[in-house]
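Trainee:
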Amino acid sequence: MERRAGYYTGLAVTYTMWGKTDRAVRAPLVEEKSAPAEVRQADTMG
Numbered sequence: 028m029e030r031r032a033g034y035y036t037g038l039a040v041t042y043t044m045w046g047k048t049d050r051a052v053r054a055p056l057v058e059e060k061s062a063p064a065e066v067r068q069a070d071t072m073g
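Position 46 of the sequence shown, counted from 1, bears residue number 73 in our numbering, the numbering being contiguous throughout.
Set out below in structure tokens:
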């Protein structure tokens with residue numbers, strides 16, 4: 028699950044760099060659906 032969460036985070040960054048902000052906004056939403064525990068753990072770490 029950790030890899031999946033990291034994948035979507037990187038995807039959001041990449042989409043932002045490409046100027047595709049609509050997709051960049053959706054990537055974290057998909058991330059939270061696919062690995063919710065991992066996303067919440069990362070939020071509490073820092």
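Think of the CB as a built atom: it goes at the ideal place given N, C-alpha and C, for glycine as much as any other residue.
Quantities reported herein were computed from a predicted structural model and do not represent experimental measurements.
In this structure, how does DSSP classify Gly33 when only helix, strand and coil are distinguished?
Mentor: Position 6 of the sequence shown, counted from the first residue, corresponds to residue 33. Helix.
Trainee: With burial defined as no fewer than 16 other Cβ atoms inside 10 Å of the residue's Cβ, what is the status of Ala39: buried or exposed?
Mentor: Walking along the sequence shown from the start, residue 39 turns up at place 12. Its Cβ being crowded by 16 or more others within 10 Å, Ala39 is buried.
Trainee: Please report the distance separating the alpha-carbon of Ala46 from that of Val52.
Mentor: Locating residue 46 in the sequence shown gives position 19, where the first residue counts as 1. Locating residue 52 in the sequence shown gives position 25, where the first residue counts as 1. In the sequence on display, residue 46 carries Gly and not Ala. Each residue's Cα considered, the two are about 11 angstroms apart.
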